[in-house]
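Report on the following structure.
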């Protein structure tokens, strides 16, 4: 299940199960969102992105859902594998002018048990 | 096709010394971003640069920190007179908007330790 630890929220799943990682973003004007995966000691790795004119986008084994009404993003990982164990961050962007910076959420630690 | 390169990967400095972190963007990318990450936290935006221009430095501390992205060579993040609170992982990302994606590609990071 999902729990909030002292620092990062954590999610522990069994190999083969589906995982759902949630994120609340901060700026209702943000119009572009990305999910990143970060393994220990490495930089963030792009997983999937979605624009604000969409509410769902699918990739290989991953689906991102966007609910602008409640400013909520989720990342669904199908058939979770041990290699999916990492910290997952959502990031938001308000495009336009000189403002193309990403604002990152706190992150969720996903642990996949074999 | 080489990704974003950062060096050094690990840097140890004593308090009061200077730290220079280098970032070479992906080939063809002309936009560079620097982010800082404290342990068990998300990345915090510091500065956004294009060649020879600082576009947005709203996340940079007002003192001791500076960044540049010259016409030739890597982008440099410079921290003068480091303090223990500067210890963190510093990530560089690059992007190219020739297409329709705003994806930022991240480097492996430089882990700065101030002793």
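Protein chains in written order, with the working numbering: chain A, 905 to 1018; chain B, 508 to 622.
Virtual Cβ for every residue (Gly too), placed ideally from N, Cα, C.
query, result
"Endpoints, the beta strand (DSSP E) within which residue 556 of chain B is located", "550-557"
"Residue from B/510, B/563, B/562 whose Cα sits closest to the Cα of residue 629 of chain B", "The question about residue 629 of chain B has no answer, for chain B in this structure spans 508 to 622."
"Assigned secondary structure, residue 986 of chain A (DSSP; H/G/I helix, E/B strand, else coil)", "helix"
"The segment 1000-1015 of chain A touching the segment 515-527 of chain B, judged by at least three CB pairs closer than 8 angstroms", "no"
"Identity of the residue in A/1000, A/1014, A/964 nearest residue 933 of chain A by Cα", "A/1000"
"Residues near residue 906 of chain A by beta carbon distance below 6 angstroms, same chain, minus five either side", "Low local confidence applies: a pLDDT of 40 at residue 906 of chain A is under 50, so the model's placement there is unreliable, with the coordinate-based value given in what follows. Cβ within range, chain order: 915."
"Bounding residues of the beta strand (DSSP E) (the contiguous stretch that carries residue 579 of chain B)", "Taken as a continuous stretch (DSSP letters only), residue 579 of chain B belongs to no beta strand (DSSP E), as it is neither H nor E."
"Buried versus exposed call for residue 924 of chain A [16 or more other C-beta atoms within 10 Å across all chains shown]", "exposed"
"Same chain only: Cβ atoms within 8 angstroms of residue 963 of chain A, ignoring 5 sequence neighbours per side", "951, 952"
"Chain A contacts made by the segment 587-617 of chain B, where a contact means CB separation under 9 angstroms", "596, 598, 599, 600, 602, 604, 608, 609, 610, 611, 612, 613, 614, 615, 616"
"Reduced DSSP category for residue 591 of chain B - H, G, I as helix; E, B as strand; rest coil", "helix"
"Exposure label - residue 1049 of chain A; buried when at least 16 CB within 10 Å", "There is no way to answer for residue 1049 of chain A, as the model of chain A reaches only from 905 to 1018."
"Residue closest to residue 571 of chain B, alpha-carbon to alpha-carbon, out of B/619, B/524, B/597", "B/524"
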